[in-house]
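Chains A and B, in that order, are what the protein sequence lines are.
Numbering-wise, the first sequence is residues 1 to 430 according to the working numbering.
Numbering-wise, the second sequence is residues 1001 to 1430 according to the working numbering.
Ideal placement from N, C-alpha and C gives every residue a C-beta, glycine not left out.
As structure tokens, the structure follows; a few thoughts come after it.
2 protein chains.
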Amino acid sequence: MTSIGIVGAGIGGLHLALYLQQHDVPATLYAELTSQQRLAGRLPNTAVHWGPTREREHALGVNHWDEQADDWCVRHVHFYGMFGARTMTFTGMNDVPGIGIDHRIYTSTLLEDFLARGGDVVYGAVMVGDLPALSDRHDLVVVSAGRGSMVELFERRSDGRPFTEPQRFICTGIFDGIAPQQPIGSSINVIPGSGELFQLPFLTFGGRKTALLTEIIPGGQLDELRTVRYEQDPVRFNATVLRMLRTSFPHLAELVDENIFGITRAEDVLQGAITPTARRGYAQLENGKWVMALGDVSLVNDPVLAQGANTASACAFLLGEAILADNLVFDEMWCARAEARMWDYQRAAFEWTNHMLRTPLPGNATKLITTACGNPEVARSFINNYAAPQANWDILASDARTDAYLTRHGGGPVTPPSAGDDRATTASTR
Amino acid sequence: MTSIGIVGAGIGGLHLALYLQQHDVPATLYAELTSQQRLAGRLPNTAVHWGPTREREHALGVNHWDEQADDWCVRHVHFYGMFGARTMTFTGMNDVPGIGIDHRIYTSTLLEDFLARGGDVVYGAVMVGDLPALSDRHDLVVVSAGRGSMVELFERRSDGRPFTEPQRFICTGIFDGIAPQQPIGSSINVIPGSGELFQLPFLTFGGRKTALLTEIIPGGQLDELRTVRYEQDPVRFNATVLRMLRTSFPHLAELVDENIFGITRAEDVLQGAITPTARRGYAQLENGKWVMALGDVSLVNDPVLAQGANTASACAFLLGEAILADNLVFDEMWCARAEARMWDYQRAAFEWTNHMLRTPLPGNATKLITTACGNPEVARSFINNYAAPQANWDILASDARTDAYLTRHGGGPVTPPSAGDDRATTASTR
């Protein structure tokens, strides 16, 4: 029987392993860290799982957190101008609530699920030099985690590096002392030209807390936070975040209890930057065997639209379905078809994310968001399409597409908002 | 609202038009001929509709012939050696019976269905020079029929012409005076190096008759039929077919009533040859608009595996689904995604058909068929996969794939059959 080796036990590798296990396809998971090591580690991201990812979790029987998240439908979107004045606001409802969840807990739990169901796990780091031996042991090797030469095994796509450098400096962490916005949900707070701040209800150690993900455009209004490293000066870091809230996002500062505000634990903060990169979905080893790429190995997405974990999960299922449909020989023909199916999903997430990363924000994106402020249907669609990146990219891929969409949905001609014009949808809460 | 213009009212154009009509997308069908003109015309093909096509007909509410076909599950496959001796025989059951149906009746009926449901039909030939005007009238134009420059609008794929000339001369017609093989079903009769004869229960004028589709390899044992044109000498044509049955397919000759054997009507015969060709699924007009290709316009398949009509129907639904999913602007991005989905289906039908057309038959195909003769599971799978060309192509795309399949399904090592060795599955009827 077909045997699949999966290198890396992030959400992509785990969803694939659990999917194959559920369909009686022997799979071995090569995990660098044990569950205990993961739980003791640093915050890896502040991912949000959208509806389709939650449906996949349900299908895999790993939807352990449903009851703690089912009230998080609302997404507040605010645009700010100078001096923290909100210029536009809209609120959309997710048809299915997203879950912000700590991946130390999430991946540990799923790894234990896989083990408890009889799954085969091999611990320890796998290097690119180990792949030939793995490819002899398995019919197919899927690489879903790795660094350096492991990732570079997969050729960068010709259109896979739209920017030469990171477009945001990312600072994310779990905070005590900040209440969620009401009605409870996440908020997206945008300062054009300076960056974005995401406030997320977040399941982590000790229950529900708040994650603040700041996406900083160098040289903008949020730039100070870029240069303050938590591990070098925790007090100054927390003070800088609080000052940023007061100065740039005063509505959020109102939710802060200054007596306890700050990063929850030293491990609960992550600062860095990534350059969006898309790689080919498969590669050939020197021994002639083919290996597939999954998750961050094939697609590095800026977290600004929360597409990374969701794309990895979607692709894990696409790959699992491809394995069930045809598992005679994992040759180039197989890899090319599986890659095409994954890329069809990945491309929309990648292109849409990169479009929204541009400075200044492209005119059609501004137009769409401005319309959403006065049009609950457009707002609802934009918010829900975070779960269906192709749908938002279909609308934003060209000016003609955005115009066609807005014409059809009654947006009509749109004039840019003037300063201090706090537009809102009928459903919004200012 | 989106308006779609569909040029050509064969099975592909009709299935797309009916699909869009069912989903309230305005569609105009440009049909060269009226229903009455079609009914009076020449036999266009002797297509068989496999299970998935019948499911699509059911979804469209045009499954008018179910009751006349539900006993046609059996497919008899015979291989012949010298002097009409059968060397191998197997019988497979289609899970869903195929229907052989006269497309003069079929397309006329579906055209009337479309009209009766309020469909918009414009009669008359459409030339390539008419496309710019149509592209101004509709949001998307789909070209599903055409000749010459209309077809050449769509670029031939780099791998879209595997043979420089036709691999078979095709002679197909509807016959009186030949009974179906029992249990009732179709029979595939192969003479390696000379060609194939398909005996099909066929719904046509006056009810169920028998179609004989002969695929002639020039220079082989069936070559005489290639040079006899029915319209030049009907008596000699009928006599040549009968002589071919007696000489090369004596089991079939036993089913003939010589007193009435022959082509039913002068319009009920078709002789010709095609060179398998795959073209790109979309093209740009000089006015900048994009048009899509459907059916024979993008893929010309030899009928040896009965994939043409089924592929056109499958692609009509893929195109319809693509139109429902995204209909903001039918730009190059839209066309490329829709084409990729269609080509994923088309490629398997095309590659598998061309593989089976090769002379001599490739070793792995011989091995698979030889195994089917002694292995009912392999026989059943091979027969049913006519409805799922990707599945058979997955098995036949390389020797390694065929070996993996046969190893898994207990075929074991296979020795070529010796002359006169009339192998059969346990379920076969000799």
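*Output the residue ranges of the beta strand (DSSP E) runs that lie fully inside the segment 1073-1100 of chain B and measure 3 residues or longer, sorted by chain position.*
1074-1080 and 1086-1093, all fully within the segment 1073-1100 of chain B.
*In whole angstroms, what separates the C-alpha of B:Gln1346 from that of A:Gln232?*
Between the alpha carbons of B:Gln1346 and A:Gln232 lies a gap of roughly 60 Å.
*Among the residues of its own chain, which have a CB less than 6 Å from the CB of B:Ala1306, if the five just before and after it don't count?*
In its chain, beyond the 5 residues on either side, Val1048 have a beta carbon closer than 6 Å to the beta carbon of B:Ala1306.
_Quick check on the DSSP output: the beta strand (DSSP E) that includes A:Lys209 runs from which residue to which?_
DSSP places A:Lys209 inside the beta strand (DSSP E), whose first and last residues are Gly207 to Ile216.
*Would you identify the three-state DSSP class for B:His1409, choosing helix, strand or coil?*
Note: B:His1409 maps to coil in three-state DSSP.
*Which same chain residues, not among the five before or five after A:Ala278, have their C-beta less than 6 Å away from its C-beta?*
For A:Ala278, where only same-chain residues beyond five positions count, the Cβ hits under 6 Å are Arg157, Gly160, Leu299 and Phe350.
*Pull up the DSSP beta-bridge partners for A:Val256, would you.*
According to DSSP, A:Val256 shares a beta bridge with A:Ile178.
*With 16 other CB atoms within 10 Å as the buried threshold, where does A:Thr275 fall?*
Classification for A:Thr275: exposed.
*Is the segment 26-35 of chain A close to the segment 109-124 of chain A, with three or more CB pairs under 8 Å?*
Yes, the segment 26-35 of chain A is in contact with the segment 109-124 of chain A.
*Could you round the C-beta distance between B:Ala1211 and B:Thr1240 to whole angstroms and report it? I think they count as a contact, below 8 Å.*
With 8 Å as the limit, B:Ala1211 and B:Thr1240 do not qualify as a contact, their Cβ atoms being about 17 Å apart.
_I need the straight-line Cα distance from A:Leu18 to B:Arg1246, nearest angstrom please._
Approximately 60 Å, taken between the alpha carbons.
*Of the residues B:Gly1281, B:Leu1039, B:Asp1130 and B:His1409, which one's Cα is nearest the Cα of B:Ala1340?*
The residue with the shortest Cα to Cα distance from B:Ala1340 is B:Gly1281.
*Report the rounded CA-to-CA distance for A:Ile263 versus A:Ser186, giving the unit in angstroms.*
Distance between A:Ile263 and A:Ser186, taken at the CA atoms: about 18 Å.
_Within the continuous alpha helix (DSSP H) that includes A:Asp233, where are the two ends?_
First-last for A:Asp233: undefined, no H or E at that position.
*Of the residues that make up the segment 1392-1407 of chain B, which ones have a beta carbon closer than 8 Å to any beta carbon in chain A?*
Those residues of the segment 1392-1407 of chain B that come within reach of chain A (Cβ to Cβ, closer than 8 Å) are Asp1394, Ile1395, Ala1397, Ser1398, Ala1400, Arg1401, Ala1404 and Tyr1405.
_I'd like the ranges of any beta strand (DSSP E) spanning at least 3 consecutive residues and lying wholly in the segment 263-345 of chain A._
Correct list: 269-272, 282-284 and 290-293.
*Straight-line gap, A:Gly193 to A:Thr371 (C-alpha atoms, nearest Å)*: A straight line joining the alpha-carbon of A:Gly193 with that of A:Thr371 spans about 20 Å.
_Quick check: what's the CA-CA separation for A:Glu332 versus B:Tyr1230?_
Rounded to the nearest angstrom, the two C-alpha atoms are 47 Å apart.
*asked:* By DSSP's criteria, A:Asp120 is part of a beta bridge. Which residues make up the other side?
replied: Answer is A:Thr28, bridged to A:Asp120.
*Under 7 Å between beta-carbons, which chain A residues line up against B:Ala1388? List them in chain order, please.*
Under the 7 Å cutoff, chain A gives no residues; its nearest Cβ is about 10 Å from B:Ala1388.
*Considering B:Gly1195, what are the terminal residues of the beta strand (DSSP E) in which it resides?*
In the DSSP assignment, B:Gly1195 falls within the beta strand (DSSP E) that extends over Gly1195 to Thr1204.
_Environment of A:Gln167 [buried if 16+ CB atoms lie within 10 Å]_ = When all chains shown are included, A:Gln167 counts as buried.
*So, is B:His1023 buried or exposed, given that buried needs 16 or more other C-beta atoms within 10 angstroms?*
Its Cβ having fewer than 16 others within 10 Å, B:His1023 is exposed.
*May I ask you to report which of helix, strand or coil DSSP gives B:Thr1359?*
Here B:Thr1359 carries a coil assignment [DSSP, helix/strand/coil].
_Interface positions of the segment 1336-1356 of chain B facing chain A (Cβ-Cβ less than 8 Å), listed along the chain_ = Interface annotation for the segment 1336-1356 of chain B against chain A: Arg1337, Ala1340 and Asp1344, criterion Cβ-Cβ distance under 8 Å.
*How many whole angstroms separate the CB atoms of B:Trp1290 and B:Ala1348, which I take to be in contact at a CB cut-off of 8 Å?*
B:Trp1290 to B:Ala1348, Cβ: 25 Å. No contact.
*Give, in chain order, every residue of the segment 1118-1138 of chain B whose Cβ lies closer than 8 Å to some Cβ of chain A.*
Within the segment 1118-1138 of chain B, no residue has a Cβ that lies closer than 8 Å to any Cβ of chain A.
_Using a Cβ-Cβ cutoff of less than 7 Å, which residues in the same chain neighbour A:Pro162 once the five nearest sequence positions on both sides are dropped?_
Only Pro276 and Asn354 meet the Cβ criterion.
*With 7 Å as the threshold, decide whether the Cβ of A:Met292 is near any Cβ in chain B.*
No, no contact with chain B.
_Proximal residues to A:Glu165 (C-beta, below 7 Å), its chain only, five neighbours per side dropped_ = Once the five neighbours on either side are set aside, the close Cβ partners of A:Glu165 are Thr275.
*Starting from A:Ile395 and walking both ways along the alpha helix (DSSP H), at which residues does that stretch end?*
Note, A:Ile395: alpha helix (DSSP H), Pro389 to Leu396.
*So A:Asn384 is in the beta strand (DSSP E); what residue range does that whole segment cover?*
A:Asn384 -> not in any beta strand (DSSP E); alpha helix (DSSP H) instead, spanning Pro376 to Asn384.
*Looking at C-alpha atoms only, which residue of B:Gly1081, B:Thr1091, B:Gln1036 and B:Leu1020 is the closest neighbour of B:Gly1374?*
Checked all of B:Gly1081, B:Thr1091, B:Gln1036 and B:Leu1020; the closest Cα to B:Gly1374 is B:Thr1091.
*Endpoints, alpha helix (DSSP H) assigned at B:Val1151*: Start and end: Ser1149 to Glu1152.
*Since A:Leu140 is in the beta strand (DSSP E), which residue starts that stretch and which ends it?*
Per DSSP, the unbroken beta strand (DSSP E) holding A:Leu140 starts and ends at Leu140 to Val143.
_Cβ neighbours of B:Leu1357 in the same chain (closer than 8 Å, five flanking residues each side left out)_ = Excluding residues within five positions, the ones whose Cβ falls inside 8 Å are Phe1163, Gln1167, Arg1168, Pro1276, Asp1302 and Val1304.
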